[in-house]
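Novice: Once you've had a glance at the structure underneath, I'll fire off some questions.
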Amino acid sequence: MLRPMQVAPSETPALNNYSPEVRQQLFAYVLQLADTSLILGHRLSEWCGHGPILEQDLAMANIALDLLGETRSLFQYAAELEGQGRTEDDLAFLRLATEYRNPLLVEQPNGDFAATIVRQFLFDTFHYHCLVELHKSPDAQLAAIAEKAVKEAAYHLKWSSEWMIRLGDGTAESRQRLDKALATLWRYSGELTTPTATEQALQAAGIIPDYAALRPAMDAHVAHVFGEATVPVPQGVFMMTGGKEGRHSEHLGYILAELQYMQRTYPGLKW
Amino acid sequence: MTQSEWPLWEVFIRSKQGLDHKHVGSLHAADATMAIQNARDVYTRRLEGVSIWVVESKHVHASNPDDAAAFFDPANDKVYRHPTFYEVPDSIKHM
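In order, the protein sequence lines correspond to chains A and B. Quick note: the first sequence, position 46, residue 46 per the working numbering, numbers continuous. Converting from the second sequence to the working numbering requires adding 271 to each position, the first position being numbered 1.
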């Protein structure tokens, strides 16, 4: 079971204002955000004790904990939106792989440090810019979650951006590892800003940000960091999608096997 | 992994209550920007600080422990150097 949260959960928003349809869409969207933070947080936590140096081991554990904190708020809100009596733990630990809605990027393996940095940088760039706008959402709960998370995401983006620059403009070996990671992972970046039908509906309703409007700032940041890193921004890469609709790579099943083991083996176990 | 170690940095943190930066430890980093980020991740996880200084350890020049007797013992019996013969007004803080 997830441990008690430090921050006080914000008061229940006026959920009754939503039509059943919008409420269902919002539930799906919040779950997607929660799954995304959960899976990436879990991936980063796999580095704990294996980081290249102590300082970066801690940095990755810190980011993993930030993401798990965000995911708790989101799962709690999702459970409330669903209103079927499922708890945050039920949602986090007791669903099937095809029911998870995280984008493919975040379930990709850690690989070497460069692969972890590229995955993190691509996610952070989207995460940060999305949270800045989500903070202005008319949905009070989403806005409150975004307000807390955006400060953390700002640091994550700073961290991964600095590492992109150092790996790209570092040694021959770091550059070669960064190029290899980009060749593998860039294809998963497009899904982040490709809205699903659910996201399109919520965008049209003005509840979540229009991803097309995020792109100029995101692209500018990517161009700046890649410029500093002396790495050309990949062009014309076919973008993989499907994770946000439950079509996952083989990796997710293995993550869930580890993540869900305890609750599947000892249902309701608390610690 | 590279064969060569990153340089060592000394970390100074100013806490919320404190007025001055205090030495809290050291860490490895490739440059100053990374050293500050690492310090943030290693030394400010529990709300310890509001400001961070880092300085490369090689730039810190220390007194020699062998000189301790000559350096510090002579001050032992010079009680008249302590400003203990004055009353400090209540409005003076941080003395």
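Glycine included, C-beta positions come from ideal geometry on N, C-alpha and C. Only a predicted model underlies this, so the values are computations on that prediction, with no experimental measurement involved.
1) If you measure from the beta carbon of A8/A to each beta carbon in chain B, is any gap under 7 Å?
2) Establish whether the CB of A59/A and some CB of chain B are separated by less than 7 Å.
3) Mind checking whether R101/A and Q32/A have CB atoms under 7 Å apart?
4) When the Cα atoms are used, what is the spatial distance from Q24/A to Q141/A?
5) Examine chain B for any beta-carbon lying closer than 7 Å to the beta-carbon of N102/A, and answer yes or no.
6) Quick check on the DSSP output: the alpha helix (DSSP H) that includes V150/A runs from which residue to which?
7) Between S19/A and A114/A, which are expected to be in contact by the criterion C-beta below 8 Å, what is the C-beta distance as a whole number of angstroms?
8) Can you find at least 3 beta carbon pairs, one from the segment 242 to 259 of chain A and one from the segment 278 to 293 of chain B, that sit closer than 8 Å?
9) Since E55/A meets chain B, which of its residues come closer than 8 Å, beta carbon to beta carbon?
10) Mind listing the chain A neighbours of R285/B? Cutoff is C-beta to C-beta under 7 Å, in chain order.
11) Measuring alpha carbon to alpha carbon, tell me which residue in A205/A, Y211/A, D169/A, Q176/A is nearest S189/A.
12) Which residues share a DSSP beta bridge with R285/B?
13) When the distance is taken between beta carbons, is A229/A closer than 7 Å to G268/A?
14) Indicate whether at least one CB of chain B lies closer than 7 Å to the CB of N110/A.
15) Return the residue from the list G111/A, S249/A, L38/A that minimises the CA-CA distance to F93/A.
16) Taking just the CA atoms, how far does W324/B sit from I307/B?
17) What residues match up with S297/B in a beta bridge as DSSP calls it?
18) Tell me whether E327/B sits in a helix, a strand or coil according to DSSP, three-state version.
19) Just mark C48/A as buried or exposed, buried being the case when its beta carbon has 16 or more other beta carbons within 10 Å.
20) Taking Cβ positions, are T36/A and V106/A nearer each other than 7 Å?
21) Determine the direct distance from the alpha carbon of A154/A to that of H353/B, and round the result to whole angstroms.
22) Could you tell me the alpha carbon to alpha carbon distance between V282/B and D179/A, rounded to whole angstroms?
23) Taking 7 Å as the cut-off, decide whether the C-beta atoms of L157/A and D112/A are in contact.
Specialist: On the basis of the supplied data:
1) For the purposes of this step, residue 8/A is identified with residue 8 of the first sequence, where counting begins at 1. Caution applies to A8/A, whose pLDDT of 45 falls short of 50 and renders its modelled position unreliable; the value that the coordinates give is listed next. No, because no Cβ of chain B sits closer than 7 Å to the Cβ of A8/A.
2) Stepping through the first sequence from its first residue, residue 59/A is reached at position 59. Yes - at least one Cβ of chain B is within 7 Å of the one on A59/A.
3) In the first sequence, residue 101/A corresponds to position 101, counting from 1. In the first sequence, residue 32/A corresponds to position 32, counting from 1. Going by C-beta atoms, R101/A is nearer than 7 Å to Q32/A.
4) Residue numbering aside, residue 24/A sits at position 24 when the first sequence is read from its first letter. Residue numbering aside, residue 141/A sits at position 141 when the first sequence is read from its first letter. Between Q24/A and Q141/A, the C-alpha separation is close to 15 Å.
5) Position 102 of the first sequence, counting from 1, holds the residue named residue 102/A. So no, N102/A is outside the interface.
6) As a working mapping, residue 150/A is identified with position 150 in the first sequence. It spans 140 to 168 - the alpha helix (DSSP H) in which V150/A sits, taken as one unbroken run.
7) The count along the first sequence starts at 1 and reaches residue 19/A at position 19. The count along the first sequence starts at 1 and reaches residue 114/A at position 114. Not confirmed; about 46 Å, so no contact.
8) no
9) Here residue 55/A refers to the residue found at position 55 of the first sequence. Under the 8 Å cutoff, chain B gives L298, H299, A300, N309, D312, V313.
10) As a working mapping, residue 285/B is identified with position 14 in the second sequence. Correct list: empty, because the minimum Cβ distance to chain A is about 19 Å.
11) Position 189 of the first sequence, counted from the first residue, corresponds to residue 189/A. When each option's Cα is compared against that of S189/A, the closest is Y211/A.
12) Position 14 of the second sequence, counted from the first residue, corresponds to residue 285/B. Answer is S322/B.
13) Counted from its first residue, the first sequence places residue 268/A at position 268. Counted from its first residue, the first sequence places residue 229/A at position 229. Their beta carbons are not under 7 Å apart, which means G268/A does not touch A229/A by this criterion.
14) Counting from one through the first sequence, the residue named residue 110/A turns up at place 110. Taking Cβ atoms only, chain B never reaches closer than 7 Å to N110/A, which makes this a no.
15) Taking the first residue of the first sequence as position 1, residue 93/A is located at position 93. The shortest C-alpha separation from F93/A is found at L38/A.
16) In the second sequence, the residue the question calls residue 307/B occupies position 36. In the second sequence, the residue the question calls residue 324/B occupies position 53. Distance between the alpha carbons of I307/B and W324/B is about 7 Å.
17) In the second sequence, the residue the question calls residue 297/B occupies position 26. In the DSSP output, where bridge partners are listed per residue, S297/B has E281/B.
18) Position 56 of the second sequence, counting from 1, holds the residue named residue 327/B. Note: E327/B maps to strand in three-state DSSP.
19) Translated into the one-based positions of the first sequence, residue 48/A becomes position 48. The residue in question, C48/A, is exposed, as its Cβ has fewer than 16 Cβ neighbours within 10 Å.
20) Reading the first sequence from its first residue, position 36 is the one you call residue 36/A. Reading the first sequence from its first residue, position 106 is the one you call residue 106/A. Yes, they are a contact pair.
21) On the second sequence, residue 353/B is found 82 positions in, with the first residue counted as 1. On the first sequence, residue 154/A is found 154 positions in, with the first residue counted as 1. So the two alpha carbons sit approximately 49 Å from each other.
22) The residue you call residue 282/B lines up with position 11 of the second sequence. The residue you call residue 179/A lines up with position 179 of the first sequence. Taking the straight line joining both Cα atoms gives about 33 Å.
23) As a working mapping, residue 157/A is identified with position 157 in the first sequence. As a working mapping, residue 112/A is identified with position 112 in the first sequence. No, the pair does not count as a contact, with Cβ atoms beyond the cut-off.
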